[in-house]
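Chains as they are written, first to last, in our numbering: chain A, 43 to 138; chain B, 4 to 836. Scroll down for the structure; my scribbles are underneath it.
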Amino acid sequence: MTRNTSFSFRLYVAGNTHNSAQAIANLAALCRTHLPGRHKIDVIDVFRNPKRALADGVFMTPTLVKLAPLPVQKIVGTLSQTETVLQVLGLEAAIA
Amino acid sequence: MSGNKTPSPEDANREVDALIELLHDTEERLEVLTAGEVDTVTNRFGKLFVLRRAQDQLRNAEAMKQAAILNALPAHIALLDSQGIILSVNEAWRQFATANELLEPEYGVGLNYLQICDAARGADSDEAPQVCAGIRSVLEGGARSYSVEYPCHSPEEQRWFLMTVTPVVDDMPHGAVAMHLNITARKLSEEALQASESEFRENHRKLQENQGSIKRLNRVYAMLSSINTMIVHVRDREKLYQETCRIAVEEGGFRMALLALVDRDTTKIVPVASTGKTAALIGSIKKILASSEDAPKTMIARSIREKQIILSNDSINDPRVLFSSQYIESGIRSMAVFPLFVMNEVIGVVALYSGDTGFFHEAEVKLLEELMKDVTFALDFIDKQERLNYLAFYEPLTGLANRNLFLERVTQHIDNAVAGGHRMAVFLIDLDRFRNINDSLGRPAGDELLRQAAQWLMRNVGNADILARFDADHFAVVMPVVKSTGNLARLVEKKMAASLEHIFRLNDAEFRIATKVGAAQFPDDGSNAEMLLKNAEAALKNAKSSGERFLFHTQKMTAAVAGKLALENQLRRALENEEFVLHYQPKVNITSGKMTSAEALIRWNDPASGLVPPGRFIPILEETGLIYEVGRWALRKAVADYLRWRNAGFPAVRIAVNVSPLQLSNHGFIAEISEVIKINEHAAAGLELEITESLIMKDIEHNITSLQAIRNLGVTIAIDDFGTGFSSLSYLSRLPVDSLKIDRSFVNDMTAGPRRLALVSTIINLAHSMDLKVVAEGVETEEQSRLLRLLACDEMQGFLFSKPVPADIFETQFLAVRSIDGLINPPGTCGNN
Numbered sequence: 043m044t045r046n047t048s049f050s051f052r053l054y055v056a057g058n059t060h061n062s063a064q065a066i067a068n069l070a071a072l073c074r075t076h077l078p079g080r081h082k083i084d085v086i087d088v089f090r091n092p093k094r095a096l097a098d099g100v101f102m103t104p105t106l107v108k109l110a111p112l113p114v115q116k117i118v119g120t121l122s123q124t125e126t127v128l129q130v131l132g133l134e135a136a137i138a
Numbered sequence: 004m005s006g007n008k009t010p011s012p013e014d015a016n017r018e019v020d021a022l023i024e025l026l027h028d029t030e031e032r033l034e035v036l037t038a039g040e041v042d043t044v045t046n047r048f049g050k051l052f053v054l055r056r057a058q059d060q061l062r063n064a065e066a067m068k069q070a071a072i073l074n075a076l077p078a079h080i081a082l083l084d085s086q087g088i089i090l091s092v093n094e095a096w097r098q099f100a101t102a103n104e105l106l107e108p109e110y111g112v113g114l115n116y117l118q119i120c121d122a123a124r125g126a127d128s129d130e131a132p133q134v135c136a137g138i139r140s141v142l143e144g145g146a147r148s149y150s151v152e153y154p155c156h157s158p159e160e161q162r163w164f165l166m167t168v169t170p171v172v173d174d175m176p177h178g179a180v181a182m183h184l185n186i187t188a189r190k191l192s193e194e195a196l197q198a199s200e201s202e203f204r205e206n207h208r209k210l211q212e213n214q215g216s217i218k219r220l221n222r223v224y225a226m227l228s229s230i231n232t233m234i235v236h237v238r239d240r241e242k243l244y245q246e247t248c249r250i251a252v253e254e255g256g257f258r259m260a261l262l263a264l265v266d267r268d269t270t271k272i273v274p275v276a277s278t279g280k281t282a283a284l285i286g287s288i289k290k291i292l293a294s295s296e297d298a299p300k301t302m303i304a305r306s307i308r309e310k311q312i313i314l315s316n317d318s319i320n321d322p323r324v325l326f327s328s329q330y331i332e333s334g335i336r337s338m339a340v341f342p343l344f345v346m347n348e349v350i351g352v353v354a355l356y357s358g359d360t361g362f363f364h365e366a367e368v369k370l371l372e373e374l375m376k377d378v379t380f381a382l383d384f385i386d387k388q389e390r391l392n393y394l395a396f397y398e399p400l401t402g403l404a405n406r407n408l409f410l411e412r413v414t415q416h417i418d419n420a421v422a423g424g425h426r427m428a429v430f431l432i433d434l435d436r437f438r439n440i441n442d443s444l445g446r447p448a449g450d451e452l453l454r455q456a457a458q459w460l461m462r463n464v465g466n467a468d469i470l471a472r473f474d475a476d477h478f479a480v481v482m483p484v485v486k487s488t489g490n491l492a493r494l495v496e497k498k499m500a501a502s503l504e505h506i507f508r509l510n511d512a513e514f515r516i517a518t519k520v521g522a523a524q525f526p527d528d529g530s531n532a533e534m535l536l537k538n539a540e541a542a543l544k545n546a547k548s549s550g551e552r553f554l555f556h557t558q559k560m561t562a563a564v565a566g567k568l569a570l571e572n573q574l575r576r577a578l579e580n581e582e583f584v585l586h587y588q589p590k591v592n593i594t595s596g597k598m599t600s601a602e603a604l605i606r607w608n609d610p611a612s613g614l615v616p617p618g619r620f621i622p623i624l625e626e627t628g629l630i631y632e633v634g635r636w637a638l639r640k641a642v643a644d645y646l647r648w649r650n651a652g653f654p655a656v657r658i659a660v661n662v663s664p665l666q667l668s669n670h671g672f673i674a675e676i677s678e679v680i681k682i683n684e685h686a687a688a689g690l691e692l693e694i695t696e697s698l699i700m701k702d703i704e705h706n707i708t709s710l711q712a713i714r715n716l717g718v719t720i721a722i723d724d725f726g727t728g729f730s731s732l733s734y735l736s737r738l739p740v741d742s743l744k745i746d747r748s749f750v751n752d753m754t755a756g757p758r759r760l761a762l763v764s765t766i767i768n769l770a771h772s773m774d775l776k777v778v779a780e781g782v783e784t785e786e787q788s789r790l791l792r793l794l795a796c797d798e799m800q801g802f803l804f805s806k807p808v809p810a811d812i813f814e815t816q817f818l819a820v821r822s823i824d825g826l827i828n829p830p831g832t833c834g835n836n
């Protein structure tokens with residue numbers, strides 16, 4: 043993974059619910075800090091688009107799906123444990 | 004559940020219960036498993052379950068948004084259910100309910116709006132049945148909306164509201180929203196518009212009815228209004244006279260107006276103001292009023308005499324009008340003289356001259372009479388105001404500032420003190436025996452004493468602005484800048500002594516008046532004028548009860564001031580009683596250990612407390628100027644001792660005397676030295692002056708000249724405390740001095756490290772390079788002595804060798820011994836200079 047690798051995320055949320063709002067804020071902060079200028083976030087509200095969640099195999103909200111770089115990974119929750127999130131995304135090595 | 008058998012209702016219920024329980028358990032487990040971080044869960048078929056907590060959050064968030072919108076609206080809004088019961092209300096409603104004391108229960112929530120309408124009684128309830136019907140039709144689905152404007156007056160104000168009722172569409176198909184908007188402003192402006200329209204019509208009608216009369220009255224009204232506006236602002240008599248005449252002509256449309264006053268002393272009528280383009284006529288009137296023969300015939304004089312209004316509505320044909328031809332020329336057709344009353348006395352008149360015949364009808368005269376009352380009221384008011392202004396700030400008996408004005412001035416001085424970073428003080432002075440004098444000689448004598456005391460104080464403080472008289476016999480003085488406590492104490496002492504010397508004459512008898520003083524200082528005794536004065540008063544009270552003559556608010560300050568004063572007096576006495584003594588401290592040659600000279604140090608042998616350390620009294624000597632006398636005494640004494648020892652056959656060692664800053668800057672100093680040494684030809688050779696480095700450097704050019712002159716007399720000079728001032732090397736080489744004394748602090752630090760040692764070494768080398776002898780002061784240890792010897796220092800002085808000792812001990816311990824040494828040691832090893 044190089045420093046120029048671009049990250050593409052899809053975040054599934056449920057309207058304005060507490061956990062979903064937190065997940066959006068946490069993801070935005072994480073990207074600002076660790077992936078400035080090389081990320082894309084697509085937020086999908088399952089209340090409006092229930093079928094897309096099903097297509098992606100997402101059964102809970104909030105769920106973060108990392109689409110690129112491969113492999114596709116999923117994280118369920120508010121993303122408040124920044125270190126764990128970085129580790130799962132394989133970003134820990136890159137920033138260390 | 005089994006086969007085809009239709010389940011019984013109980014079984015079905017049980018099944019539903021079990022399912023709900025399962026779902027409940029599942030949800031709880033899900034919450035636990037996801038640590039509460041999940042909001043929704045979807046099953047395999049895409050069915051979305053919102054977890055209960057998230058559901059609550061969503062509902063709350065939605066409700067809050069709705070409430071926020073409703074609360075932001077200015078209209079009073081209530082949500083009604085299908086029966087008309089108020090379910091909830093917005094913020095504007097709550098505020099309205101609070102203001103109108105409809106607080107129970109919960110701003111009306113729970114009450115039935117329709118029943119409230121039905122029950123409405125009173126002046127504004129006419130619309131109530133109609134409103135009820137309107138709301139019902141919306142609740143029952145008969146109407147899409149209903150609105151009505153209705154009055155709702157409170158005891159304080161008139162109010163109108165617009166009520167709009169609309170059905171709640173979504174969740175509550177049978178409820179309604181009732182909204183009330185306050186439309187009072189709109190209603191009022193509508194009514195005002197209607198009212199002014201009808202007023203305008205009415206005025207127009209009247210005008211047409213009697214145009215001439217209206218015109219005259221309108222002019223008088225305009226005049227009345229202007230006069231009233233003017234007297235609210237005018238604060239000055241002259242201005243009031245002028246303006247009254249000007250307004251009469253400009254607003255009232257009179258051709259001329261004149262205001263004359265009765266002089267109280269001469270009873271003459273003096274015109275004080277007039278307006279009108281009729282200078283010649285005014286001149287004639289003035290002239291006739293000045294004539295003692297014709298003046299009484301005038302209408303003005305009659306008005307004053309008869310204390311009534313004198314009218315002449317047809318001046319041309321009126322035989323009472325004196326020079327009617329001149330009036331005709333000036334276009335005057337009618338005139339009236341109005342007396343001005345103050346306390347039933349006529350103090351003057353206003354004469355008005357009109358270009359219209361028959362101007363002064365009953366209505367006009369009545370209005371003008373009112374107007375004159377306003378003018379006299381203003382005059383009276385100005386009189387009283389002037390008196391009040393004076394009384395508000397000055398005390399009438401002495402003409403000094405009173406407490407109010409004094410407080411104001413003290414406040415200003417405090418501001419200045421803060422800005423200037425200095426202290427200031429307030430003194431309260433009480434005259435002793437004042438009550439005695441007042442009681443025995445009578446009040447007039449008491450008043451006279453106060454007047455004389457005020458004058459004496461004014462002369463002594465030199466400025467009436469810092470003086471005041473309070474109640475009875477209390478005077479106050481503010482000292483805007485306090486330089487030092489000693490200064491303050493001396494000044495007060497001096498003034499108090501002076502007051503006692505002053506002779507007051509009352510009823511041909513002489514009196515001496517003692518005073519008591521209470522003082523408070525800023526900032527120590529108070530941060531504002533009130534506080535300072537209060538504390539000065541408290542101090543004065545203490546002074547009176549304790550018999551003290553002068554007390555500060557704080558004990559510490561009083562003690563400090565008293566202590567300084569006492570010390571000063573003691574020092575004067577010490578000089579007279581010869582309580583000062585000289586102690587001598589030998590300086591020795593560092594290699595031979597033999598004494599070479601000695602420093603004379605002033606000590607005060609106080610009979611009451613013994614030897615007083617110099618630090619306690621030298622600063623006071625400097626402050627009071629006593630240092631001149633004590634310094635002169637020390638010079639004479641040192642020279643006398645030297646000569647005595649010399650004559651007794653003791654070896655002659657130079658005696659060094661310290662010179663203070665005041666002495667050196669004194670122009671007579673050189674003359675003084677030459678006078679001291681004149682008594683004996685050997686005196687100069689026995690005297691050395693020690694002058695501190697910082698003192699020499701203060702006015703270096705002048706001092707070089709002075710020092711040279713002193714040296715020319717044969718007296719040697721040493722630079723004292725060398726290293727503590729800021730000597731410039733270039734000056735040092737030019738200074739006409741003989742030796743240099745290294746300050747004790749350098750000697751003390753010398754053993755602390757190589758750097759300190761190097762410093763002393765440098766000073767010694769420097770001095771030697773300029774042919775100066777070096778003396779180390781404050782040598783206390785053998786180690787210091789050894790190091791100084793290594794550094795080739797010439798002499799030393801300090802406790803290691805001897806502390807300063809009285810003259811007799813110095814004589815027996817050092818001079819006598821040395822003379823023996825001198826006999827024992829071969830010549831040349833004595834190390835004398």
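Yeah, the Cβ is synthetic: ideal placement off N, Cα and C, and Gly gets one too.
- Item | Terminal residues of the alpha helix (DSSP H) in which Asn407/B lies | Here residue 407/B refers to the residue found at position 404 when the second sequence is read from its first residue. Note, Asn407/B: alpha helix (DSSP H), Arg406 to Gly423.
- Using the DSSP secondary-structure output, state which residues sit across from Arg606/B in a beta bridge. In the second sequence, residue 606/B corresponds to position 603, counting from 1. Val584/B, per the DSSP bridge assignment.
- Item | Close Cβ partners of Thr47/A (< 6 Å) along its chain, the five nearest in sequence each way excluded | In the first sequence, residue 47/A corresponds to position 5, counting from 1. Counting only Cβ-Cβ distances below 6 Å, and skipping sequence neighbours, we find Pro111.
- Since Asn768/B is in the alpha helix (DSSP H), which residue starts that stretch and which ends it? The sequence position of residue 768/B within the second sequence is 765, counting from 1. Counting along the chain, the alpha helix (DSSP H) containing Asn768/B begins and ends at Pro757 to Ser772.
- In chain order, what residues of the segment 49-67 of chain A put their CB closer than 7 Å to some CB of chain B? From the segment 49-67 of chain A, only Ala56, Gly57, Asn58, Thr59, His60, Asn61 and Ser62 have a Cβ closer than 7 Å to chain B.
- Message: Quick check: what's the CA-CA separation for Ser157/B versus Ala100/B?
- Response: By 1-based counting over the second sequence, the position of residue 157/B is 154. By 1-based counting over the second sequence, the position of residue 100/B is 97. As the crow flies, the alpha-carbon of Ser157/B is around 13 Å from that of Ala100/B.
- Listed from N- to C-terminal order along the chain, which residues in the segment 108-122 of chain A have their beta-carbon within a distance smaller than 7 Å of any beta-carbon of chain B? Residues of the segment 108-122 of chain A with a Cβ closer than 7 Å to any Cβ of chain B, in chain order: Val118, Gly119 and Thr120.
- Message: Just to confirm, is the Cβ distance from Pro739/B to Ile722/B under 8 Å?
- Response: Residue mapping note: residue 739/B aligns to position 736 of the second sequence, counting from 1. Residue mapping note: residue 722/B aligns to position 719 of the second sequence, counting from 1. No, the Cβ-Cβ distance between Pro739/B and Ile722/B is not below 8 Å.
- Interface residues of chain A facing Leu51/B [CB-CB closer than 7 Å]: Translated into positions along the second sequence, residue 51/B becomes position 48. Chain A residues near Leu51/B: Val88 and Pro92.
- Examine the Cβ distances between the segment 574-582 of chain B and the segment 543-551 of chain B and report whether three or more of them are shorter than 8 Å. Verdict: no, contact absent.
- With 8 Å as the threshold, decide whether the Cβ of Thr45/B is near any Cβ in chain A. What you label residue 45/B is simply residue 42 of the second sequence in a count that begins at 1. Cβ-Cβ to chain A under 8 Å: yes for Thr45/B.
- Task: Check whether the Cβ of Gln69/B lies closer than 8 Å to any Cβ atom in chain A.
- Result: As a position in the second sequence, residue 69/B is number 66, starting the count at 1. No, because no Cβ of chain A sits closer than 8 Å to the Cβ of Gln69/B.
- Item | Buried versus exposed, by CB contacts within 10 Å (16 or more), Gln311/B | Sequence index remark: in the second sequence, residue 311/B carries index 308 (1-based). With fewer than 16 Cβ atoms within 10 Å of its Cβ, Gln311/B is classed as exposed.
- Task: Kindly indicate which residue of Val340/B, Asp317/B and Gly286/B has the alpha-carbon position closest to the one of Ala304/B.
- Result: Start at 1 with the first residue of the second sequence, and residue 304/B comes out as number 301. Distances from the alpha-carbon of Ala304/B to those of Val340/B, Asp317/B and Gly286/B put Val340/B closest.
- Query: Do Leu735/B and Val718/B have their CB atoms nearer than 8 Å?
  - Reply: For this step, residue 735/B is matched to residue 732 along the second sequence. For this step, residue 718/B is matched to residue 715 along the second sequence. With contacts defined by Cβ atoms closer than 8 Å, Leu735/B and Val718/B do not form a contacting pair.
- Hey, does Leu131/A have any beta-carbon neighbour from chain B nearer than 8 Å? Translated into the one-based positions of the first sequence, residue 131/A becomes position 89. For Leu131/A, the nearest beta carbon of chain B is not closer than 8 Å to its own beta carbon.
- Query: Taking DSSP as the reference, what is the three-state secondary structure of Gln58/B?
  - Reply: Your numbering for residue 58/B matches position 55 in the second sequence. Three-state result, Gln58/B: helix.
- Query: So, Thr301/B versus Ile291/B, is the Cβ gap smaller than 8 Å?
  - Reply: Sequence index remark: in the second sequence, residue 301/B carries index 298 (1-based). Sequence index remark: in the second sequence, residue 291/B carries index 288 (1-based). In this structure, Ile291/B lies closer than 8 Å to Thr301/B by Cβ.
- Item | 7 Å Cβ cut-off: residues of chain A touching Ala64/B | Counting from one through the second sequence, the residue named residue 64/B turns up at place 61. Ordered by position in chain A, the residues that pass the 7 Å Cβ test against Ala64/B are Asn58.
- Item | Inter-residue spacing [alpha-carbon to alpha-carbon] between Gln329/B and Ser192/B | Reading the second sequence from its first residue, position 326 is the one you call residue 329/B. Reading the second sequence from its first residue, position 189 is the one you call residue 192/B. When rounded, the distance between both Cα atoms is 55 Å.
- Task: Would you check if the distance between the CB atom of Leu431/B and the CB atom of Ala479/B is smaller than 8 Å?
- Result: The sequence position of residue 431/B within the second sequence is 428, counting from 1. The sequence position of residue 479/B within the second sequence is 476, counting from 1. Remark: C-beta atoms of Leu431/B and Ala479/B approach each other more closely than 8 Å.
- Query: By a C-beta neighbour count over all protein chains shown, 10 Å radius and 16 as the cutoff for buried, is Lys597/B buried or exposed?
  - Reply: Translated into the one-based positions of the second sequence, residue 597/B becomes position 594. Lys597/B should be labelled buried.
- So is Gly423/B buried or exposed if we call it buried at 16+ other beta carbons inside 10 Å? To locate residue 423/B, count along the second sequence from 1; it is residue 420. Answer is exposed; the Cβ neighbour count stays below 16.
- Please look up how many angstroms separate the CB atoms of Ala562/B and Val429/B, rounded, as I've assumed it's under 8 Å. Position 559 of the second sequence, counting from 1, holds the residue named residue 562/B. Position 426 of the second sequence, counting from 1, holds the residue named residue 429/B. Contact check for Ala562/B and Val429/B: beta-carbon distance about 19 Å, past the 8 Å limit, so the pair fails to qualify.
- Task: For Met175/B, name the three-state secondary structure that DSSP assigns.
- Result: In the second sequence, residue 175/B corresponds to position 172, counting from 1. Confidence at Met175/B is low in this model, with a pLDDT of 46, below 50, so its placement is unreliable and no value can be given for it.
- Task: Compute the Euclidean distance between the alpha carbons of Gly521/B and Tyr631/B, then round it to the nearest angstrom.
- Result: For this step, residue 521/B is matched to residue 518 along the second sequence. For this step, residue 631/B is matched to residue 628 along the second sequence. Annotation: Gly521/B to Tyr631/B spans about 33 Å, alpha carbon to alpha carbon.
- Locate the beta strand (DSSP E) running through Arg472/B, then write down its first and last residues. In the second sequence, residue 472/B corresponds to position 469, counting from 1. Start and end: Leu470 to Arg472.
- Hey, does Pro104/A have any beta-carbon neighbour from chain B nearer than 8 Å? In the first sequence, residue 104/A corresponds to position 62, counting from 1. Chain B, which has a Cβ nearer than 8 Å to the Cβ of Pro104/A, makes this yes.
- Task: Decide if Asp724/B is buried, meaning its Cβ has at least 16 other Cβ atoms within 10 Å, or exposed.
- Result: In the second sequence, counting from the first residue as 1, residue 724/B sits at position 721. Per the 10 Å Cβ criterion, buried.
- Three or more beta-carbon pairs under 8 Å between the segment 63-74 of chain A and the segment 118-136 of chain A, yes or no? Touching, yes.
- What do you reckon, is the C-beta of Asn61/A under 7 Å from a heavy atom of the ligand GDP? This structure lacks the ligand GDP; in fact it carries no ligand of any kind.
- List the residues of chain A whose Cβ lies closer than 7 Å to the Cβ of Ala95/B, in chain order. Numbered from its first residue, the second sequence carries residue 95/B at position 92. Chain order gives no chain A residues near Ala95/B, where near means a beta carbon separation below 7 Å; the closest approach is about 27 Å.
- Taking Gly351/B as part of the beta strand (DSSP E), name the residues at either end of that continuous run. Residue mapping note: residue 351/B aligns to position 348 of the second sequence, counting from 1. Glu348 to Ser357 is the extent of the beta strand (DSSP E) around Gly351/B.
- Query: Leaving out the 5 sequence neighbours to the left and right, which residues in its chain are closer than 7 Å to Val324/B when beta-carbon positions are compared?
  - Reply: Mapped onto the second sequence, residue 324/B falls at position 321. Ser315, Ser318 and Tyr330, listed in sequence order.
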